[in-house]
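**Student:**
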Amino acid sequence: MNAKSAGEDMGTPSVTLQPVRLVGILGVIAGVLVTISLAGQLIRYVGGHDHVYGLLLTSEKLFNVDNERNITTLFSVFLLLCAAFLLGLISILKRQPQDPDCSKWMILTCGFIYLATDEGWSFHEMLIEPIRKLLGHDNLGVFFFAWVIPAMAGVVILALFFLRFLLRLSPSARWSFLGAGAIFLGGAIGAEMLGGRYAESHGSHNLTYQLITHLEESMEMAGIIVFIYALLRYLAEQYPIVQCQIGDQHPGILTRNASYSPIFGNNSRLDSCQSKGQACANRPGDGEARELHDIGM
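In the numbering used here, each number is its position in the sequence shown, counted from 1, plus 28.
(1) Got a sec? Which residues, its chain only, sit under 6 Å from residue 216 by beta carbon, not counting five neighbours each side?
(2) Can you tell me whether DSSP reads residue 93 as helix, strand or coil?
(3) If residue 211 and residue 107 are in contact, beta carbons under 8 Å, what's the gap, nearest whole angstrom?
(4) So what does DSSP say about residue 121, is it helix, strand or coil?
(5) What distance in whole Å lies between the Cβ atoms of residue 65 and residue 100, which are believed to be in contact at a cut-off of 8 Å?
(6) Straight-line CA distance for residue 139 to residue 57?
(7) Could you have a look at residue 41 and say whether DSSP puts it in helix, strand or coil?
(8) Excluding the five sequence neighbours on either side, which residues of its own chain have a C-beta within less than 6 Å of the C-beta of residue 141, listed in chain order?
(9) Determine the closest residue to residue 136 out of 198, 181, 44, 256, with distance taken between C-alpha atoms.
(10) Just to check my reading of the structure: residue 258 and residue 187 have Cβ atoms closer than 8 Å, yes? What is that Cβ distance to the nearest angstrom?
(11) Buried or exposed for residue 154, please, with buried defined as at least 16 other CB atoms from any protein chain shown within 10 angstroms of its CB.
(12) Less than 8 Å separating the beta-carbons of residue 91 and residue 68?
(13) Would you tell me roughly how many angstroms separate the C-alpha atoms of residue 282 and residue 271, rounded to the nearest one?
(14) Can you tell me whether residue 46 is helix, strand or coil according to DSSP?
(15) Which residue's Cα is closest to the Cα of residue 55: 165, 250, 241?
(16) By the three-class DSSP mapping on this structure, what secondary structure does residue 218 have?
See the structure below:
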């Protein structure tokens with residue numbers, strides 16, 4: 029993320045977000061957290077130690093991806109909220125032109141806020157016992173963690189609901205969103221089913237189950253990070269220059285204005301226009317400077 033001003037002549041500061049750099053930082057943090065958690069489990073199950081050099085192995089409580097309400101969980105919640113923020117920003121930017129998909133973006137925003145809440149408090153696990161009672165407690169196999177059954181039904185319903193929305197996206201955005209969803213669901217549901225089958229037969233207090241759990245959580249975090257990248261790229265393509273003005277003169281205006289540095293992407297297009305003495309606001313794809321939405325700040 030670079031803090032710089034492309035409109036320095038007007039004295040207007042701006043912030044430029046580089047999607048690759050930003051998601052790279054998120055990816056490194058996720059990798060470090062998973063590595064610490066995995067190292068703790070290897071020491072526990074392979075080395076047979078809960079202490080390292082006389083110090084309590086904190087990874088079990090603070091970093092174990094199979095535990096709830098710890099640092100790793102907090103980071104996963106943060107990722108989901110980042111995605112929700114970007115989705116909310118897109119839904120706001122879509123309102124003024126009355127985009128037909130504005131409601132879909134808002135539904136996605138609410139959905140990711142729910143996912144963040146569920147990640148922190150594990151509401152979905154409340155469904156396990158009631159569904160097990162309906163199915164019987166024996167030989168559930170991949171449905172041992174029974175919440176995956178309504179989850180799969182929900183995925184199918186949502187896929188049908190968002191089908192036209194996906195088809196209206198550009199090919200690059202569509203495939204990026206689908207790829208991110210496949211990675212996330214592959215971990216959240218696919219690896220969860222694999223882990224459930226193994227846990228039913230061998231229990232959960234062993235290294236193999238922990239490896240499956242780490243695969244699950246790694247895929248979930250990777251899927252969200254890929255989705256964040258896809259959203260940033262979508263914003264860079266659709267709304268590369270977003271101005272949020274705070275003050276009494278024009279309260280709460282989000283503006284797409286070619287005289288300001290793009291928030292998402294780089295300044296190459298703007299710099300090219302300025303070097304040629306052209307009006308960037310009239311260049312194809314940039315659009316004219318216009319008010320997008322009053323958010324009442």
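No residue lacks a Cβ here, since even glycine has one placed at the ideal position from N, Cα and C.
**Tutor:** To lay it out plainly:
(1) 248, listed in sequence order.
(2) Three-state DSSP puts residue 93 in coil, outside helix and strand.
(3) With a Cβ gap of about 13 Å, residue 211 and residue 107 do not count as contacting.
(4) Under the three-state reduction of DSSP, residue 121 is assigned to helix.
(5) Your pair residue 100 and residue 65 checks out as a contact, with CB atoms roughly 6 Å apart and the cut at 8 Å.
(6) Using only the alpha carbons, I get a separation of about 24 Å.
(7) Here residue 41 sits in strand by DSSP.
(8) Closer than 6 Å at Cβ, skipping near neighbours: 112.
(9) Distance check between residue 136 and each of 198, 181, 44, 256 places 256 closest, using alpha-carbon atoms only.
(10) With a Cβ gap of about 17 Å, residue 258 and residue 187 do not count as contacting.
(11) Counting of Cβ neighbours within 10 angstroms places residue 154 among the exposed residues, the total staying below 16.
(12) Judged by their CB atoms, residue 91 and residue 68 are nearer to each other than the 8 Å cut-off.
(13) The predicted model places residue 282 with a pLDDT of 48, which falls under 50 and marks its position as unreliable, so this point remains unresolved.
(14) DSSP places residue 46 in coil when its eight states are reduced to three.
(15) Of 165, 250, 241, the residue nearest in Cα terms is 250.
(16) The answer is helix: DSSP assigns residue 218 an H, G or I state.
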